[in-house]
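These notes are about the structure you will find just below.
Number of protein chains: 2
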Amino acid sequence: MTPDRQASHFRRARQARETEIIEDYVELVADLIDEQGEARAVDIAKRLGVTGATVNKMLARLKQMDLINTEPYRSVFLTDEGRLMAEKSRRRHHIVVALLRAVGVDEESAWADAEGLEHRCSAETLAAFEKFLKR
Amino acid sequence: MTPDRQASHFRRARQARETEIIEDYVELVADLIDEQGEARAVDIAKRLGVTGATVNKMLARLKQMDLINTEPYRSVFLTDEGRLMAEKSRRRHHIVVALLRAVGVDEESAWADAEGLEHRCSAETLAAFEKFLKR
DNA sequence: TGATTAAGTTAGCTCCAGCTAATAATTACG
DNA sequence: CGTAATTATTAGCTGGAGCTAACTTAATCA
Numbered sequence: 001m002t003p004d005r006q007a008s009h010f011r012r013a014r015q016a017r018e019t020e021i022i023e024d025y026v027e028l029v030a031d032l033i034d035e036q037g038e039a040r041a042v043d044i045a046k047r048l049g050v051t052g053a054t055v056n057k058m059l060a061r062l063k064q065m066d067l068i069n070t071e072p073y074r075s076v077f078l079t080d081e082g083r084l085m086a087e088k089s090r091r092r093h094h095i096v097v098a099l100l101r102a103v104g105v106d107e108e109s110a111w112a113d114a115e116g117l118e119h120r121c122s123a124e125t126l127a128a129f130e131k132f133l134k135r
Numbered sequence: 136m137t138p139d140r141q142a143s144h145f146r147r148a149r150q151a152r153e154t155e156i157i158e159d160y161v162e163l164v165a166d167l168i169d170e171q172g173e174a175r176a177v178d179i180a181k182r183l184g185v186t187g188a189t190v191n192k193m194l195a196r197l198k199q200m201d202l203i204n205t206e207p208y209r210s211v212f213l214t215d216e217g218r219l220m221a222e223k224s225r226r227r228h229h230i231v232v233a234l235l236r237a238v239g240v241d242e243e244s245a246w247a248d249a250e251g252l253e254h255r256c257s258a259e260t261l262a263a264f265e266k267f268l269k270r
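Going line by line, the protein sequences match chains A and B. Under our numbering, read the first sequence as residues 1 to 135, first letter to last. Under our numbering, read the second sequence as residues 136 to 270, first letter to last.
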């Protein structure tokens, strides 16, 4: 492997590291809205295992990026763009869990690892996973 | 899924995010030593796609952690602990690439994605991958 | 209603991994 | 050998994501 090609892989991994937290928040907001009718900061914090202050700061960033809408002391809503991102994330999440299960990973490990893996699969890899699952 | 269980998954993902950069450096040092006889900072920088200054700072951290030995203006050596980590990383890397290839991911995507995925697979998942590959 | 509790917000801190720019040491070569 | 090019180091900056502590607002319930 040439240094350049390897460098581009590492660059991509760094890029993924940056976006994955954002995707986790957005996906979680969608989950909470579906499960409980609304996404409250305190619930996001509980599920992510971080403090409310951290959530608050991140929500400000997501709003800046036009992924969510927030009003002070009100729960969180997804913008169209945010909903799109959440749906993509969810789809990836499900494919990864299914693939892991299909190759023999136990239920618990599949769910635990999928949280880390879902953000790192390229479109090509996900397509291959889907094809494999249909086989 | 309970909030607590989900929180622990996210916690684990955050933990992995912290260690993965360290593992990348250590694995790369091992690769360079094997391929070229020595690991020089400039080559590490080229392959990771970061600046020399960044590498230097990171090497100081790795030394602090007893993963490498360095002397000013000399190339980098792995400690026993570092070598162990490098071997574990490599093994994981190979298993992940092999698994991706086995389920139909093309060569290039497999190598590119493995860079991000290898650090996120639990021991259970890797064991399942190996079992699947032997099948 | 009013007091208590829960939730959200803000300020300000840490640590990490990038970066640039400037400097110092080493290496290579005419 | 001495100079030029390469490599390494250092200082100091940015921005992200976590934290605690202090505060404000909203919600609950006696």
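For every residue, glycine included, the Cβ atom is placed at its ideal position computed from N, Cα and C.
Presumed contact (8 Å Cβ cut-off) between residue i and residue j, rounded CB distance
i      : j      : result
H144/B : A112/A : 5 Å
G82/A  : I68/A  : 5 Å
L62/A  : I22/A  : 7 Å
V55/A  : A41/A  : 5 Å
D178/B : L167/B : 6 Å
Secondary structure of residue i, DSSP reduced to three states
i      : result
V196/A : Residue 196/A lies beyond the stretch modelled for chain A, which goes from 1 to 135, so this question has no answer here.
Nearest to residue i (by Cα), restricted to the options the options
i      : options                           : result
A245/B : L28/A, R17/A, V97/A and A128/A    : A128/A
E107/A : G116/A, E87/A and V97/A           : V97/A
A36/A  : F77/A, M65/A, T2/A and E118/A     : In the sequence on display, residue 36/A carries Gln and not Ala. It is F77/A.
E130/A : R92/A, M65/A and D80/A            : R92/A
P138/B : L126/A, R47/A and A86/A           : R47/A
R120/A : E20/A, V26/A, L59/A and A102/A    : E20/A
E253/B : D178/B, R149/B, R225/B and E259/B : R225/B
R101/A : L133/A, A123/A, S122/A and T125/A : L133/A
Q78/B  : E115/A, E124/A, R135/A and A13/A  : In the structure as shown, chain B starts at 136 and stops at 270, and residue 78/B therefore has no counterpart that could be examined.
L126/A : L28/A, D66/A, I95/A and R135/A    : I95/A
E124/A : R270/B, V238/B and Y160/B         : V238/B
A13/A  : R146/B, R147/B and R152/B         : R152/B
P72/A  : M65/A, D80/A, D31/A and K57/A     : K57/A
R74/A  : M65/A, D66/A, D34/A and L59/A     : L59/A
L234/B : K223/B, M136/B and R270/B         : R270/B
Heavy atom of the ligand GDP within 8 Å of residue i beta-carbon
i      : result
E259/B : Ligands are entirely absent from the displayed structure, and the ligand GDP is therefore not among its contents.
Length at least 3, wholly inside the region 206 to 259 of chain B: the beta strand (DSSP E) runs in chain order: If you keep only unbroken beta strand (DSSP E) runs of at least 3 residues inside the region 206 to 259 of chain B, you get nothing at all.
Can you give me, in chain order, the residues of the region 86 to 114 of chain A that have a beta carbon less than 9 Å from any beta carbon in chain B? L99, L100, A102, V103, G104, V105, D106, E108, S109, A110, W111, A112, D113 and A114
Alpha helix (DSSP H) segments (min. 4 residues) lying fully within the region 30 to 59 of chain A: 41 to 48
Selection of the region 248 to 266 of chain B by Cβ proximity to chain A, strictly under 7 Å: Taking 7 Å as the upper bound on Cβ-Cβ separation, chain A lies near residues D248, E250, G251, L252, R255, C256, S257, E259, T260, A263, F264 and K266 of the region 248 to 266 of chain B.
Taking Cβ-Cβ distances below 7 Å as the criterion, which residues of the region 145 to 158 of chain B are in contact with chain A? Listed in sequence order: F145, R146, R147, A148, A151 and R152.
Any C-beta of chain A within less than 7 Å: which residues of the region 174 to 190 of chain B qualify? K181, R182, L183 and G184
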